[in-house]
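Using our numbering, the first residue of the sequence shown is number 2, and each one after it goes up by one.
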Amino acid sequence: MKIFTMNPQNHIVAISGYARAGKDTLADNLLIELGRRQVPTVKYKFATALKWSANRALGEVGVRFDAETEDHEGKDKVRPLLVSLAQFCRSYDKDIFANATIKRIDKGFQNGLSVAVISDMRYLNEFECLHEYAKVAECRLIHIDIHRRGVFAAHQEELDSMEGLLGATYQYPFFHGVEFSDRDVAGIAMYAAGVADDLAHGREVRRV
2 MKIFTMNPQN HIVAISGYAR AGKDTLADNL LIELGRRQVP TVKYKFATAL KWSANRALGE
62 VGVRFDAETE DHEGKDKVRP LLVSLAQFCR SYDKDIFANA TIKRIDKGFQ NGLSVAVISD
122 MRYLNEFECL HEYAKVAECR LIHIDIHRRG VFAAHQEELD SMEGLLGATY QYPFFHGVEF
182 SDRDVAGIAM YAAGVADDLA HGREVRRV
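Following this line, the structure appears as structure tokens:
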């Protein structure tokens, strides 16, 4: 992969956690808070290309369903399809979604982006691709694993992937594990404000 970006002021914030742990809530609050501080920020998802592919396949057979739905019932309904499709695609190239996302991020950095927020990191190879890109592009990587009390893995595949990811990343200084009680949206928003403030002022993200 050809990399053009070389800016230590650029940041990638990769958020991991089980389904319904609050990853998107945290990511959306980071976008709001960084926007208030006039820091160019974009939210990315490794699953975007996967969901676009699923939508095209469903449309071909006349099924009107948006795989990018944010509705909890809809997410539960489409999740088995996405899991199976992702496994099939990764059997050809395990880095297929990670590389597609990194290309979009690098293009963003070339065009003035300062912070890329990824709200769905679940696999060790995704972290490895991001880590390698951050070293080559000389930008800063931050990994935040969010846990909501009472929320557990949706299926065995998610459990295995998260255990593999966290088992390798918790040792890095840029790893941050945070936990919130059920429906603590205010707590997540407050934490996001602190992270945004640190990023905006060029500080190391404080641990909680």
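Glycine included, each C-beta is placed from N, C-alpha and C at the ideal position.
Check                                                                                           : Outcome
Residue of Arg-149, Tyr-45, Arg-38 minimising C-alpha distance to Tyr-19                        : Arg-149
Inter-residue spacing [alpha-carbon to alpha-carbon] between Glu-56 and Ala-68                  : Glu is not the amino acid found at residue 56; the sequence shown has Asn there. The straight-line gap from Cα to Cα measures roughly 6 Å.
Rounded Cβ spacing between Phe-110 and Asn-11 (contact assumed at less than 8 Å)                : 5 Å
Own chain, CB closer than 6 Å to Thr-102, minus 5 neighbours either side, in chain order        : Tyr-45, Phe-47
For Ala-201, the nearest candidate out of Asp-29, Ala-28, Arg-21, Glu-34 (CA to CA)             : Glu-34
Exposure label - Lys-136; buried when at least 16 CB within 10 Å                                : exposed
Val-209, enclosing alpha helix (DSSP H) - first and last residue                                : Run containing Val-209: none; DSSP gives neither H nor E here.
Delimiting residues of the alpha helix (DSSP H) encompassing Phe-175                            : No alpha helix (DSSP H) contains Phe-175, which DSSP labels as neither H nor E.
Closest residue to Ser-17 among Arg-208, Leu-114, Glu-164, Val-209 (Cα-Cα distance)             : Glu-164
Spatial distance of Met-191 from Ile-143 (CA atoms)                                             : 18 Å
Three-state secondary structure (DSSP) of Arg-38                                                : coil
Close beta carbons around Val-152, own chain, < 6 Å, minus the five adjacent residues each side : Tyr-19, Arg-21, Ala-22
C-alpha gap between Lys-52 and Phe-175, whole angstroms                                         : 29 Å
Paired residues, beta bridge with Asp-146 - DSSP                                                : Ser-17, Gly-178
Inter-residue Cα distance where the pair is Asn-112 and Gln-39                                  : 16 Å
Pairwise C-alpha distance: Val-179 and Thr-170                                                  : 14 Å
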